[in-house]
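Report on the structure given below.
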Amino acid sequence: MSTEDARVRTLLRAFGDDAFAQWLVPDQEHRHHVYREWFAMVLAHTETAGRVITGEDDLAVQVWLSARTGPPDMLDEAGVQRLLELAGRRAHRFREFGALSAERHPREPHEYLALIGVDPAVQGTGVGSRELGETLRRLDADGVPSYLEASSPRSRNLYLRLGFEPLGAPITLPDEGPHLYPMWRPAQ
Numbered sequence: 001m002s003t004e005d006a007r008v009r010t011l012l013r014a015f016g017d018d019a020f021a022q023w024l025v026p027d028q029e030h031r032h033h034v035y036r037e038w039f040a041m042v043l044a045h046t047e048t049a050g051r052v053i054t055g056e057d058d059l060a061v062q063v064w065l066s067a068r069t070g071p072p073d074m075l076d077e078a079g080v081q082r083l084l085e086l087a088g089r090r091a092h093r094f095r096e097f098g099a100l101s102a103e104r105h106p107r108e109p110h111e112y113l114a115l116i117g118v119d120p121a122v123q124g125t126g127v128g129s130r131e132l133g134e135t136l137r138r139l140d141a142d143g144v145p146s147y148l149e150a151s152s153p154r155s156r157n158l159y160l161r162l163g164f165e166p167l168g169a170p171i172t173l174p175d176e177g178p179h180l181y182p183m184w185r186p187a188q
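Residue 1 is where the sequence shown starts when you use the working numbering, and the numbers rise one by one after that.
Below, the structure written as structure tokens:
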């Protein structure tokens, strides 16, 4: 399996069946198809628009986008169109999420942790905290703050321990969707 395939697999295993994913695309088979291609496009785009950081054996994957000169985009225009095609009748959910996320995204220069996925086989072992902690130390050394949207109360608690602070009220997704928790971490 290529490195990119391993990273996509890790992200799919980490996020493919969480509450946010189920809200976006309820049908599991369709969701996994959409997510597999979406993650591959995000990783390809991030190679030029940010940084992809992988841990040992690609079991932890961080996707960082630069927001130092303006709002970050997870995909280029062609990628957005392809994602909406893949999503089909669920495309409106991706648009709703994008609009709500963009509305709440901070305007000051920072690095955006768009995704951090840890393979479920090693979740809870400290792998994600260790990997993210190393990246945050580098950002601290450069004096750069960071932003993310936690997708669960459990991940929110992890980020609180790593120095992130809540940034306003949670983002409430429509139609009984889950909450996302905007969080900011000043450079330490």
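Beta carbons are placed, not taken as given, at the ideal position from N, Cα and C, and that holds for glycine.
Residue i burial status per 10 Å Cβ neighbour count (16 or more: buried)
i           : result
residue 1   : For residue 1, the pLDDT reaches just 44, beneath the cut-off of 50, and the residue's location in the model is therefore unreliable, leaving the point undetermined.
residue 182 : buried
residue 108 : exposed
residue 48  : exposed
residue 72  : buried
residue 62  : buried
residue 33  : exposed
residue 169 : exposed
residue 67  : buried
residue 125 : exposed
residue 131 : buried
Residue range of the beta strand (DSSP E) that includes residue i
i           : result
residue 146 : 146 to 150
residue 114 : 110 to 118
Closer than 8 Å to chain D by CB, residue i
i          : result
residue 11 : You won't find chain D in this structure, because it holds only one protein chain.
C-beta atoms of residue i and residue j nearer than 8 Å
i           : j           : result
residue 20  : residue 155 : no
residue 146 : residue 111 : yes
residue 39  : residue 12  : yes
residue 136 : residue 173 : no
residue 23  : residue 178 : yes
residue 83  : residue 97  : no
residue 119 : residue 44  : no
residue 70  : residue 41  : no
residue 171 : residue 65  : no
The alpha helix (DSSP H) enclosing residue i, as first and last residue numbers
i          : result
residue 96 : 91 to 104
residue 22 : 19 to 24
Option nearest residue i by Cα separation, candidates the options
i           : options             : result
residue 105 : 14, 30, 178 and 184 : 184
residue 276 : 121, 128 and 114    : The requested residue 276 is not part of the displayed model; the chain covers only 1 to 188.
residue 87  : 51, 10 and 31       : 31
Any non-hydrogen atom of the ligand COA within 7 Å of residue i CB
i          : result
residue 58 : The ligand COA is not among the ligands present in this structure, which contains no ligands whatsoever.
Which runs of the alpha helix (DSSP H) at least 4 residues long sit entirely within the region 27 to 83? Give them in chain order.
28 to 49
What beta strand (DSSP E) runs, 3 residues minimum, are completely inside the region 127 to 174?
146 to 150
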